[in-house]
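Below is one structure, written out as structure tokens, with a few remarks after it.
In the numbering used here, the protein residues as written are 1041 to 1192.
See below:
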């Protein structure tokens, strides 16, 4: 495994979400998470384990209303049109955050970083095309690291 970067989870919501607009909810948005539908990764995935651990370490048990999916398009659309809170990797939601279509809840997500990298078979002989794709991936990962130096 060749580590390229770490991608933290974020809690993404629409800009006019009550957790951002209501002063009574802003102070501790996690305390009010049970009030909203939460979009979670599907069970059995590494990012779901990370999301569940995040919730447990903050004293939040099973959530009452959840949607479980790995579909970025479904999650994006549902979050943008509702009061849902979406647990997602930063890389999956970055375009929406950059455009302002979605915003992160102001909650520390320290400890939710997932490693992103390359795994290649040791005995594999790479073709020229494969080497070029891997080189491009490494360059993009290095650019991402330069743009976000606090990431691991």
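Where is the CB? At the ideal position from N, CA and C, for every residue including glycine.
- Membership of residue 1157 in the beta strand (DSSP E) is indicated by the continuous run 1154-1158.
- With the rule of 3 Cβ pairs closer than 8 Å, the region 1105-1112 does not count as touching the region 1050-1060.
- Judged by pairs of C-beta atoms under 8 Å, the region 1123-1130 touches the region 1078-1094, as three or more such pairs exist.
- Inclusion of residue 1087 and residue 1118 in the CB contact set at 9 Å is not warranted, their separation being larger than that value.
- Per DSSP, residue 1136 is one residue of the alpha helix (DSSP H) stretching across 1130-1139.
- For residue 1106, the enclosing beta strand (DSSP E) has its first and last residue at 1106-1108.
- Per DSSP, residue 1162 lies in no alpha helix (DSSP H) segment and is marked neither H nor E.
- A straight-line Cα-Cα distance of about 13 Å links residue 1173 and residue 1160.
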